[in-house]
Amino acid sequence: MSMQDTLQDHPSPMLQSANCLLSFVKLVQCWICQKCGRKKTVTNEETSVAVLASFSKSPQRSTRRTSLESGISRTSLRRILATHKWHPYKLQHLNENDPERRTEFAEWAKQKLEQDPQFTQKILFSDEANFYVNGEVNKQNHRYWSDTNPHWMDPSKTVGTTKVMVCCGIWGTTLVGPFFINGNLKATGYLKLLHDDVFPSFCTEAGRFPEFFQQDGAPPHYGCQVRAFLDEQFPGKWIGHCGPVEWPPRSPDLTPLDFYLWGHLKAIVYGVKIRDVQHLKLRILDACAGISPALLLSVCEEWEKRVALTIQHNGQHIEHIS
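In the working numbering, the protein residues as written are 299 to 620.
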């Protein structure tokens with residue numbers, strides 16, 4: 299239908315009626331849309347997973363930049379993020395001495411990599427995360443698109459919400475876990491978790507065992523009994539607060555589970571509405587089972603890049619760069 303045809307079908311006498319005028323305007327708008335076309339929104343499941351995976355890998359990228367690179371409108375991007383309860387939050391600010399401590403750790407890691415190019419794959423990186431049944435999770439302290447991080451979570455958003463605490467590890471091309479933790483984690487429970495579940499899970503007949511063990515500075519991680527146990531299992535070779543190798547505080551951008559795994563899992567887990575705790579656990583198990591060795595290897599390579607970037611940028615956060 300041409301514009302001329304449209305006008306001929308609606309001669310001027312009809313415009314004397316307000317109702318007819320409104321109908322005419324709507325018809326013209328319809329004709330314009332048909333003629334020019336209108337960009338369709340893209341919020342199907344496949345696109346949603348791709349968008350969430352993109353922000354999981356680079357949480358500090360803007361919706362404007364992502365829209366330009368992907369061709370997806372900013373409106374659709376915001377709709378996808380909002381649907382899956384992802385919001386912009388703030389990353390932790392570093393304390394005065396943090397850059398120096400981060401640089402010191404990165405220099406140590408760089409030296410190890412120079413001595414042994416396979417060093418990264420000999421570290422068991424570990425962490426815990428909270429998965430909420432309603433998916434209500436967030437971060438704080440620096441602009442950051444995400445749905446979760448157990449150490450950066452705003453408690454006002456999650457009080458009284460049913461949750462599952464999950465422990466996982468990345469050891470080269472092996473995903474260790476997931477292990478589900480009942481209640482709040484304390485030092486005694488953490489020690490039992492390591493002794494009864496985590497370490498036995500990767501002990502093989504061939505006697506393979508990680509050379510190094512890494513954990514962050516969460517309070518349950520540096521109880522006296524926990525440190526004594528780690529000294530026995532990894533003499534001189536565990537990384538953490540009060541350990542032989544000091545882990546720099548406020549460094550989630552150097553933790554593979556923080557900068558990759560949790561975001562990846564939650565993009566998949568919350569792809570459907572969670573019914574209850576049991577359903578949540580099943581979704582977590584399925585998501586973990588889908589992670590390939592090749593993907594974990596790429597995560598190790600990403601960690602090595604981040605070590606180099608940390609040195610290059612004098613210990614400052616490098617999430618916005620990597």
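Note that beta-carbon positions come from the ideal geometry of N, C-alpha and C, so glycine has one too.
**Prompt:** When every heavy atom of the ligand HEM is checked, does at least one fall within less than 7 angstroms of the C-beta of N480?
**Reply:** For the ligand HEM, the structure offers nothing, since it holds no ligand at all.
**Asked** Is it a yes or a no for the stretch 531–551 touching the stretch 400–409, going by three-plus beta-carbon pairs under 8 angstroms?
**Response** yes
**Prompt:** Can you find at least 3 beta carbon pairs, one from the stretch 368–379 and one from the stretch 572–579, that sit closer than 8 angstroms?
**Reply:** no
**Request:** Report the residue ranges of all beta strand (DSSP E) runs contained in full by the stretch 379–435; include only those spanning at least 3 residues, in chain order.
**Result:** 385–387, 421–430
**Asked** In whole angstroms, what is the alpha-carbon distance linking C522 and D495?
**Response** 20 angstroms
**Prompt:** Which of the three DSSP states, helix, strand or coil, is assigned to C466?
**Reply:** strand
**Prompt:** Between Q610 and the rest of its own chain, which residues show a CB-CB distance below 7 angstroms, the 5 nearest in sequence each way excluded?
**Reply:** none
**Item:** Rounded separation between P453 and Q413 - CA only
**Value:** In this prediction, P453 has a pLDDT of 41, which is less than 50 and means its spatial position is unreliable; what the coordinates show is noted afterwards. Distance between the alpha carbons of P453 and Q413: 43 angstroms.
**Prompt:** Given Q512, which residues of its chain have a CB within under 6 angstroms of its CB, disregarding the five upstream and five downstream residues?
**Reply:** I421, F423, I537
**Message:** Helix, strand or coil for T373? Go by DSSP, reduced to three states.
**Reply:** helix
**Prompt:** In three-state terms, what does DSSP make of P546?
**Reply:** coil
**Cut-off 8 angstroms between Cβ atoms - residues of its own chain near L411, not counting five sequence neighbours on either side** = F417, T418, E602, V605
**Item:** Residues bridged to T364 (per DSSP)
**Value:** Answer is none; T364 lacks a bridge partner.
**Prompt:** Measuring CB to CB, does L594 end up less than 8 angstroms from T471?
**Reply:** yes
**Request:** Starting from G475, trace the alpha helix (DSSP H) both ways and give me its first and last residue.
**Result:** No alpha helix (DSSP H) contains G475, which is instead part of the beta strand (DSSP E) from 472–479.
**Item:** DSSP three-state assignment for I566, whether helix, strand or coil
**Value:** helix
**Asked** Nearest CA to the CA of K579: which residue from V524, V349, F477?
**Response** F477
**Request:** Identify the continuous alpha helix (DSSP H) that holds Q531 and give its terminal residues.
**Result:** 522–531
**Asked** Under a three-way DSSP split, which group does I658 fall into?
**Response** The chain is shown only over 299 to 620; residue 658 falls outside these bounds and no answer can be derived.
**Prompt:** For Q280, does the three-state DSSP call read helix, strand or coil?
**Reply:** With the chain covering only 299 through 620, there is no way to say anything about residue 280.
**Message:** With H, G and I counted as helix, E and B as strand and the rest as coil, what does DSSP make of K461?
**Reply:** strand
**Prompt:** For the alpha helix (DSSP H) that contains Q576, what are its first and last residues?
**Reply:** 575–587
**Message:** Between C466, Y488, P533, V524, which has its C-alpha nearest F500's C-alpha?
**Reply:** C466
**Asked** By DSSP, does F624 sit in helix, in strand, or in coil?
**Response** Here the chain comprises residues numbered 299 to 620, so residue 624 is not present and cannot be evaluated.
**Prompt:** Would you say Q531 and P397 are within 8 angstroms of each other, going by their C-beta atoms?
**Reply:** no
**Asked** Once you ignore the five residues that flank N612 on each side, which residues in its own chain have a CB closer than 8 angstroms to its CB?
**Response** P397, T401
**Message:** Check this for me: beta carbons of V347 and A565, under 8 angstroms apart or not?
**Reply:** yes
**Request:** Could you work out which residue in D514, F497, A351 is closest to D551 when comparing CA atoms only?
**Result:** D514
**Request:** Would you mind stating whether A585 and L563 have Cβ atoms separated by less than 8 angstroms?
**Result:** yes
**Asked** With DSSP run on the structure shown, which of helix, strand or coil describes F507?
**Response** coil
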